[in-house]
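Colleague: Chains as they are written, first to last, in this note's numbering: chain A, 228 to 366; chain B, 228 to 366; chain C, 228 to 366.
I'd like to ask some things about the structure below.
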Amino acid sequence: MRSYRKELWFNIPRRMGFVDITGDVEACLSESGVREGLCLVNAMHITASVFINDNEGGLHEDYARWLEELAPHEPVDRYLHNRTGEENGDAHLKRQVMGREVVVAVTQGKLDFGPWERIFYGEFDGRRRKRVLVKIIVE
Amino acid sequence: MRSYRKELWFNIPRRMGFVDITGDVEACLSESGVREGLCLVNAMHITASVFINDNEGGLHEDYARWLEELAPHEPVDRYLHNRTGEENGDAHLKRQVMGREVVVAVTQGKLDFGPWERIFYGEFDGRRRKRVLVKIIVE
Amino acid sequence: MRSYRKELWFNIPRRMGFVDITGDVEACLSESGVREGLCLVNAMHITASVFINDNEGGLHEDYARWLEELAPHEPVDRYLHNRTGEENGDAHLKRQVMGREVVVAVTQGKLDFGPWERIFYGEFDGRRRKRVLVKIIVE
């Protein structure tokens with residue numbers, strides 16, 4: 228096998244939320260059989276993020292509060308984007324702060340991580356099914 | 228062909244602006260003949276961004292206003308960087324929020340995108356010719 | 228050689244600081260012998276960044292001040308994360324603004340850079356040894 232592709236599906240029951248998907252990505256890597264290469268993990272939706280940080284609940288609450296300060300959800304007419312009938316203008320901004328994707332080195336068949344690195348799906352416009360793409364490229 | 232490289236040139240007539248470059252990148256991919264791999268698209272200038280989001284004009288106005296709140300252009304003496312004689316200190320900050328680059332999976336000869344993903348060039352210090360690099364690596 | 232991996236170590240004597248690591252990454256690339264490919268450079272710690280911008284001291288002071296405005300270090304009880312006994316809640320937020328990683332094209336054995344692009348290690352919780360990963364993948 229030379230390259231590997233898989234979609235992961237999520238349905239976050241709130242508007243904003245963070246899910247540790249490290250185990251899912253590790254399962255993909257194992258299934259791919261790749262030993263050396265790069266692993267791209269990206270949100271396929273433009274109101275969601277994939278990022279790497281700490282699996283600590285207090286931090287996730289800090290992120291949620293901070294992002295709400297930087298780009299408040301309300302009043303929804305604050306965003307010209309919401310003239311389209313949507314109410315997710317803020318989600319498009321929050322996603323830019325947290326990022327769309329991560330690229331992780333694959334070394335000797337493992338995600339080549341530092342001590343606390345974990346991969347998260349970040350949702351900013353939830354309550355519906357959305358996808359993350361995992362693409363692994365062998366050297 | 229094993230790898231592919233192309234520069235895209237832009238000259239945005241205002242200080243700040245966003246341009247949908249998805250078609251340009253798709254043309255590069257087609258020219259490359261790559262079927263499976265990764266496509267890196269990055270700003271070659273440090274006061275510009277390449278990012279993926281929605282092709283909706285209201286949203287782009289929201290981005291412009293929000294970035295101006297986060298890192299105002301004026302007063303220009305707000306930024307120590309402007310002591311160099313430049314007036315683009317704010318642009319170096321705005322670019323960090325929006326990001327330098329995107330990495331997109333290539334699957335079966337196509338950019339492997341979710342439903343609304345489009346690639347944008349984001350300019351924060353325009354009115355001169357600047358470049359974006361497209362580099363495609365085959366598996 | 229088909230892929231290359233190296234860790235770079237840093238010990239920034241202050242809480243926040245920026246170090247130009249372009250020369251270190253160029254030395255890795257030279258050692259790897261790779262002519263065409265992608266070079267991933269990422270912080271291995273979740274309170275640090277790797278990013279590309281300008282090597283100008285005034286700008287770095289602007290970054291430090293701006294990040295402190297966006298995510299102040301104090302009061303430390305502002306962050307729920309600090310209930311763990313740490314005092315680096317702000318550093319986890321600052322790192323998201325500046326990013327975890329960069330992916331740089333390698334063309335004809337060189338980092339394929341625009342005129343002013345330089346790679347930086349950004350530290351937001353320093354005074355201890357921390358690592359950056361350089362992974363180079365040949366086409």
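Think of the CB as a built atom: it goes at the ideal place given N, C-alpha and C, for glycine as much as any other residue.
Because the structure is a prediction, the values reported are computed rather than measured.
(1) Going along chain B in order, which residues have a C-beta closer than 7 Å to the C-beta of M325/C?
(2) So N282/A and D251/A are in contact, right, with Cβ under 8 Å, and what is the actual spacing, rounded?
(3) Once the 5 residues before and after R279/C are set aside, which same chain residues still bring their CB inside 6 Å of it?
(4) Below 6 Å CB to CB, which residues in the same chain sit around L320/B once its five sequence neighbours on both sides are set aside?
(5) For K233/C, which residues of its own chain have a beta-carbon under 7 Å away from its beta-carbon, when the five flanking residues on both sides are left out?
(6) In angstroms, rounded to a whole number, what distance separates the CA positions of A291/C and G244/C?
(7) Whole angstroms is fine: what's the gap from E258/C's alpha carbon to L338/C's?
(8) Below 8 Å on C-beta distance, what does G332/A contact in chain C?
(9) Which parts of the stretch 256 to 324 of chain B are runs of the alpha helix (DSSP H), unbroken and 4 residues or longer, counting only runs that do not cross its ends?
(10) If we cut at 8 Å on Cβ distances, does M228/B have a partner in chain A?
(11) Can you pull the chain A residues whose beta carbon is under 7 Å from the beta carbon of A298/C, in chain order?
(12) Does DSSP classify G349/B as helix, strand or coil?
(13) Should V359/B and R229/B be called a contact, given that it needs their Cβ atoms to be closer than 8 Å?
(14) Compare the C-beta of H287/B against all C-beta atoms of chain C and say whether one is closer than 8 Å.
(15) Is V277/B near V268/B, with beta carbons less than 8 Å apart?
(16) Please list, in chain order, the chain B residues whose beta carbon lies closer than 8 Å to that of I273/C.
(17) Pull up the distance between the alpha-carbon of T249/A and that of A332/A, whole angstroms please.
(18) Our contact map puts R241/C next to D352/C with C-beta atoms below 8 Å; I'd like the distance itself, whole angstroms only.
(19) Just to confirm, are L307/C and E288/A a CB contact at a threshold of 8 Å?
(20) Could you tell me how far apart the beta carbons of V303/B and E314/B are, in whole angstroms, since I believe they sit closer than 8 Å?
(21) Given a threshold of 16 other Cβ atoms within 10 Å of its Cβ, counted over all protein chains shown, does Q335/B qualify as buried or as exposed?
(22) By DSSP's criteria, N238/C is part of a beta bridge. Which residues make up the other side?
(23) Going straight from the alpha carbon of N309/B to that of E263/A, what length do you get?
(24) Cβ closer than 8 Å: which chain B residues qualify as neighbours of V329/C?
(25) I'd like to check one pair, G285/A with H272/C: are the Cβ atoms closer than 8 Å?
(26) Using a Cβ-Cβ distance under 8 Å, would I279/B count as near chain A?
(27) For D247/A, name the three-state secondary structure that DSSP assigns.
(28) Could one say the Cβ of E263/B lies closer than 8 Å to chain A's Cβ atoms, at least one of them?
(29) Give the range of the beta strand (DSSP E) segment to which E328/B is assigned.
(30) Under a Cβ-count criterion, where at least 16 other Cβ atoms within 10 Å of its own Cβ denotes burial, should R355/C be classed as buried or exposed?
(31) Since L265/B contacts L265/C with CB under 8 Å, what's their CB separation in whole angstroms?
(32) To the nearest angstrom, how far is the alpha carbon of A318/C from that of A275/C?
(33) Is there a Cβ of chain C sitting closer than 8 Å to that of E301/A, yes or no?
(34) Bridge partners of R232/A, per DSSP?
Modeller: Once the coordinates are examined:
(1) As a first step, residue 325/C must be located in the third sequence, where it is residue number 98. The answer, in chain order, is Q323.
(2) Translated into the one-based positions of the first sequence, residue 282/A becomes position 55. Translated into the one-based positions of the first sequence, residue 251/A becomes position 24. With 8 Å as the limit, N282/A and D251/A do not qualify as a contact, their Cβ atoms being about 14 Å apart.
(3) In the third sequence, residue 279/C corresponds to position 52, counting from 1. The residue asked about is misnamed: residue 279/C is Ile in this sequence, not Arg. Around I279/C: V329, E344, I346.
(4) Position 93 of the second sequence, counted from the start, is the residue given in the question as residue 320/B. A298.
(5) Here residue 233/C refers to the residue found at position 6 of the third sequence. Closer than 7 Å at the Cβ level, and outside the excluded window around K233/C, lie C255, V361.
(6) Taking the third sequence and counting its residues from 1, one reaches residue 291/C at position 64. Taking the third sequence and counting its residues from 1, one reaches residue 244/C at position 17. So the two alpha carbons sit approximately 8 Å from each other.
(7) If you number the third sequence from 1, residue 258/C lands on position 31. If you number the third sequence from 1, residue 338/C lands on position 111. Straight-line Cα distance between these residues: approximately 13 Å.
(8) Sequence index remark: in the first sequence, residue 332/A carries index 105 (1-based). For the record, residue 332/A in the displayed sequence is Ala; it is not Gly. Within 8 Å Cβ-Cβ: R232, L267, N269, L360, K362.
(9) 284 to 297
(10) The residue you call residue 228/B lines up with position 1 of the second sequence. Confidence at M228/B is low in this model, with a pLDDT of 46, below 50, so the placement of that residue is unreliable and no value is reported for it.
(11) Along the third sequence, one-based indexing puts residue 298/C at 71. What A298/C touches in chain A: W293.
(12) Against the second sequence, residue 349/B aligns to sequence position 122. Reduced to three states, the DSSP call for G349/B is strand.
(13) The count along the second sequence starts at 1 and reaches residue 359/B at position 132. The count along the second sequence starts at 1 and reaches residue 229/B at position 2. Not in contact: V359/B and R229/B (Cβ atoms no closer than 8 Å).
(14) Here residue 287/B is taken as the residue at index 60 of the second sequence, counted from 1. No, no contact with chain C.
(15) Translated into positions along the second sequence, residue 277/B becomes position 50. Translated into positions along the second sequence, residue 268/B becomes position 41. Yes, these two residues count as a Cβ contact at 8 Å.
(16) Here residue 273/C is taken as the residue at index 46 of the third sequence, counted from 1. Under the 8 Å cutoff, chain B gives no residues; its nearest Cβ is about 18 Å from I273/C.
(17) In the first sequence, residue 249/A corresponds to position 22, counting from 1. In the first sequence, residue 332/A corresponds to position 105, counting from 1. Roughly 14 Å separates the two Cα atoms.
(18) The count along the third sequence starts at 1 and reaches residue 241/C at position 14. The count along the third sequence starts at 1 and reaches residue 352/C at position 125. Not quite, the Cβ-Cβ distance comes to about 10 Å (not below 8 Å), so this is no contact.
(19) By one-based count along the third sequence, residue 307/C stands at place 80. By one-based count along the first sequence, residue 288/A stands at place 61. Yes. Within cutoff.
(20) Residue 303/B sits at position 76 when you count from the first residue of the second sequence. Residue 314/B sits at position 87 when you count from the first residue of the second sequence. Going by Cβ atoms, the distance from V303/B to E314/B rounds to 5 Å, so yes, they are a contact pair.
(21) Taking the first residue of the second sequence as 1, we reach residue 335/B at position 108. Exposed: under 16 other Cβ atoms inside 10 Å.
(22) Here residue 238/C refers to the residue found at position 11 of the third sequence. Bridge partners of N238/C: R356/C.
(23) Looking up residue 309/B in the second sequence gives position 82. Looking up residue 263/A in the first sequence gives position 36. So the two alpha carbons sit approximately 44 Å from each other.
(24) For the purposes of this step, residue 329/C is taken as residue 102 along the third sequence, with counting starting at 1. Chain B residues near V329/C: R327, E328.
(25) Residue 272/C sits at position 45 when you count from the first residue of the third sequence. Residue 285/A sits at position 58 when you count from the first residue of the first sequence. Not in contact: H272/C and G285/A (Cβ atoms no closer than 8 Å).
(26) The residue given as residue 279/B occupies position 52 in the second sequence. I279/B counts as touching chain A.
(27) Here residue 247/A refers to the residue found at position 20 when the first sequence is read from its first residue. Of the three classes helix, strand and coil, the one that applies to D247/A here is strand, per DSSP.
(28) In the second sequence, counting from the first residue as 1, residue 263/B sits at position 36. Output row for E263/B: interface = yes.
(29) Numbered from its first residue, the second sequence carries residue 328/B at position 101. From DSSP, the beta strand (DSSP E) with E328/B extends over 328 to 334.
(30) As a first step, residue 355/C must be located in the third sequence, where it is residue number 128. By the 10 Å Cβ count, R355/C comes out exposed.
(31) Here the question's residue 265/B lines up with position 38 in the second sequence. Here the question's residue 265/C lines up with position 38 in the third sequence. Their Cβ separation, rounded to whole angstroms, is 7 Å, which keeps L265/B and L265/C in contact under 8 Å.
(32) On the third sequence, position 91 is the one that residue 318/C refers to. On the third sequence, position 48 is the one that residue 275/C refers to. Each residue's alpha carbon lies about 7 Å from the other.
(33) Position 74 of the first sequence, counted from the first residue, corresponds to residue 301/A. It does not; no Cβ of chain C falls within 8 Å.
(34) On the first sequence, residue 232/A is found 5 positions in, with the first residue counted as 1. In the DSSP output, where bridge partners are listed per residue, R232/A has K362/A.
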